[in-house]
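Residue numbering for the sequence shown is 51 to 434, as defined by our numbering. Here is the structure we will look at.
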Amino acid sequence: MPQDAFALSAPLLTTPLHDLHVELGARMVPFAGYAMPVQFPAGLMAEHLHTRLSAGLFDVSHMGQLRLVGPDAAAALESLMPVDVMGLAPGKQRYGLLLNDEGGIIDDLMFFNRDFAQGGDIFMIVNGACKAADIAHIQQKIGDRCEVIPMPEMALMALQGPQAVTALQRLAPGVEQLVFMTGGHFSMAGCDCFLTRSGYTGEDGFEISVHAAQADALARALLSQPEVKPVGLGARNSLRLEAGLCLYGHDIDLTTTPVEASLNWAIQKVRRTGGLRAGGFPGAEKILAQLDNPATLPRKRVGLMALERIPVRDHTALHTSGGALTGEVTSGLMGPTLNQPVAMAYVKPEHAALGTLVDALVRGKWVPMQVTAMPFLPARYHRG
51 MPQDAFALSA
61 PLLTTPLHDL
71 HVELGARMVP
81 FAGYAMPVQF
91 PAGLMAEHLH
101 TRLSAGLFDV
111 SHMGQLRLVG
121 PDAAAALESL
131 MPVDVMGLAP
141 GKQRYGLLLN
151 DEGGIIDDLM
161 FFNRDFAQGG
171 DIFMIVNGAC
181 KAADIAHIQQ
191 KIGDRCEVIP
201 MPEMALMALQ
211 GPQAVTALQR
221 LAPGVEQLVF
231 MTGGHFSMAG
241 CDCFLTRSGY
251 TGEDGFEISV
261 HAAQADALAR
271 ALLSQPEVKP
281 VGLGARNSLR
291 LEAGLCLYGH
301 DIDLTTTPVE
311 ASLNWAIQKV
321 RRTGGLRAGG
331 FPGAEKILAQ
341 LDNPATLPRK
351 RVGLMALERI
361 PVRDHTALHT
371 SGGALTGEVT
381 SGLMGPTLNQ
391 PVAMAYVKPE
401 HAALGTLVDA
411 LVRGKWVPMQ
421 VTAMPFLPAR
431 YHRG
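This is the structure we're talking about:
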């Protein structure tokens, strides 16, 4: 069902920060069944640039949080994804992909080892629009091997930008010692939080899980820091696109495999052909064949930069210089930091090499675009 149809047929849910958003003058829109702030009075451009220069606070409480508990939890989760779950060290986080039997992507997610080997759990964050289906899928597939515990009582915020650590360490001394994709439990402004040094903007930053009852107090404490301003979904989208990061439902979905989506880096060596735990995940035969022989790919995700200052939007068709159809844009806009139109698209493999020129048809005009390396901006994750 289209998202706007859902919005018309069901009352929108609200996050624990809804009243704060309204107080701050946010423009609220339907997103994944929730009323979410698309932008604040400063506007998308200012919010985007502020995040790149200082620190932006995002409400991502619409996303799903869950725990997997039990001695078999890691092996069970690994049976659903082409990633190394069992080998993830305690205190570390990893990007994962839930797959269907055809190798299509059900959802992308983050998972964290909260010392599952010593009676802890695997903490997971999944996309908001997918969370009900994800949890049902996980429960059906591995619910007999471990406890699958949704966490609807928890809110989620992301503090992103080069000054995020400066602001956060005033409230939680010690967070500065974390490096990218690690995390832990902290107390901030009287609130008990679990946070990770991660995010989806290409910047250094943190994602903070906190009980819904404490979310408003924590958000206000963060916003009281001089570096921090509220940021909406509009800038979150432009930031992640400049960072070359996929948006589920646009750049990846049930029709795309991880290899077609250029997410090979998310499939560790141990799960590949010849690896210690090769295969054993849904769609393994197809995905391993694509990894071993890239020439068999029907299409490939690439980055594109327009050679004219004309934004090329989602679903725009792409053609070769000879006029043959080669693909379609899945995400595209004017990159605020780059001040240049950028896009992600799927094209035929023979047109995926860096430097290849393709033409996008925008309102009857041909716009030349060039296949470009991603991310469009260098990532600034804190790796220590």
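Glycine included, every Cβ here is placed at the ideal spot set by N, Cα and C. Owing to the predicted nature of the structure, the values given are computational and were not obtained by experimental measurement.
- Task: State yes or no: is the C-beta of Leu29 within less than 8 Å of the C-beta of Ile192?
- Result: With the chain covering only 51 through 434, there is no way to say anything about residue 29.
- Item | Beta-carbon contacts of Arg164 that lie in its chain and below 6 Å, excluding the five residues immediately before and after | The residue you call residue 164 lines up with position 114 of the sequence shown. The beta carbon of Arg164 lies closer than 6 Å to those of Gly170, Asp171 and Phe173 in the same chain, with the five residues before and after it left out.
- Query: If you follow the alpha helix (DSSP H) that Gln189 is part of, which residue opens it and which one closes it?
  - Reply: Against the sequence shown, residue 189 aligns to sequence position 139. Gln189: member of the alpha helix (DSSP H) spanning Lys181 to Ile192, first to last residue.
- Query: Helix or strand or just coil, what does DSSP make of Lys415?
  - Reply: In the sequence shown, counting from the first residue as 1, residue 415 sits at position 365. In the structure shown, Lys415 sits in a strand (DSSP, three-state: E or B).
- Message: At the level of alpha carbons, what is the spacing between His300 and Ala367?
- Response: Your numbering for residue 300 matches position 250 in the sequence shown. Your numbering for residue 367 matches position 317 in the sequence shown. Roughly 14 Å separates the two Cα atoms.
- With DSSP as the reference, please indicate the residues paired to Glu378 in a beta bridge. As a first step, residue 378 is located in the sequence shown; it is residue number 328 there, counting from the start. Its beta-bridge partners are Ala367 and Tyr396.
- Message: At 3 residues or longer, what runs of the beta strand (DSSP E) sit wholly inside the region 122-157?
- Response: Taken in chain order, the complete beta strand (DSSP E) segments of 3 or more residues contained in the region 122-157 are 143-149.
- So is Leu411 buried or exposed if we call it buried at 16+ other beta carbons inside 10 Å? To locate residue 411, count along the sequence shown from 1; it is residue 361. Exposed is the call here.
- Taking all protein chains shown into account, decide if Gln143 is buried (16 or more other Cβ within 10 angstroms of its Cβ) or exposed. Taking the sequence shown and counting its residues from 1, one reaches residue 143 at position 93. Under this definition Gln143 is a buried residue.
- Using three-state DSSP, classify Asp303 as helix, strand or coil. As a working mapping, residue 303 is identified with position 253 in the sequence shown. DSSP places Asp303 in coil when its eight states are reduced to three.
- Query: Anyone know if the C-beta pair for Leu99 and Pro386 falls short of 8 Å?
  - Reply: Counting from 1 along the sequence shown, the entry for residue 99 is found at position 49. Counting from 1 along the sequence shown, the entry for residue 386 is found at position 336. In contact: Leu99 and Pro386 (Cβ atoms closer than 8 Å).
- Message: Does the beta-carbon of Ser248, which I'm using as the reference point, lie nearer than 7 Å to any heavy atom of the ligand GTP?
- Response: No copy of the ligand GTP appears in this structure; indeed no ligand is present at all.
- Contact between the region 244-262 and the region 218-231: three or more CB pairs below 8 Å? Touching, yes.
- Query: Quick one: what's got a C-beta closer than 8 Å to Leu221's C-beta in the same chain, skipping five residues either side?
  - Reply: Counting from one through the sequence shown, the residue named residue 221 turns up at place 171. Correct list, in chain order: Met238, Ala239, Ala271, Leu272 and Gln275.
- Would you kindly report the start and end of the unbroken alpha helix (DSSP H) that includes Asp342? Locating residue 342 in the sequence shown gives position 292, where the first residue counts as 1. Following the DSSP letters along the chain, one finds Asp342 inside the alpha helix (DSSP H) bounded by residues Ala334 to Asp342.
- Nearest to Pro308 by CA position, among Asp157, Val79 and Glu73, is which residue? For the purposes of this step, residue 308 is taken as the residue at position 258 of the sequence shown. Measuring from the Cα of Pro308, the nearest candidate turns out to be Asp157.
- Per-residue burial, Gly255 [other beta carbons within 10 Å of its own, 16 or more giving buried]: Along the sequence shown, read from residue 1 onward, the residue named residue 255 stands at position 205. Answer is buried; the Cβ neighbour count reaches 16.
- Query: Beta carbon of Ser288, beta carbon of Leu383: below 8 Å?
  - Reply: Here residue 288 is taken as the residue at index 238 of the sequence shown, counted from 1. Here residue 383 is taken as the residue at index 333 of the sequence shown, counted from 1. The beta carbons of Ser288 and Leu383 sit closer together than 8 Å.
- May I ask which residues mark the beginning and end of the beta strand (DSSP E) holding Glu197? To locate residue 197, count along the sequence shown from 1; it is residue 147. Its beta strand (DSSP E) spans residues Glu197 to Pro200.
- Host beta strand (DSSP E) of His261 (start-end): The count along the sequence shown starts at 1 and reaches residue 261 at position 211. His261: member of the beta strand (DSSP E) spanning Gly255 to His261, first to last residue.
- Query: How many Å lie between His401 and Ala393 at the Cα?
  - Reply: Here residue 401 refers to the residue found at position 351 when the sequence shown is read from its first residue. Here residue 393 refers to the residue found at position 343 when the sequence shown is read from its first residue. One Cα belongs to His401, the other to Ala393, and the distance between them is close to 15 Å.
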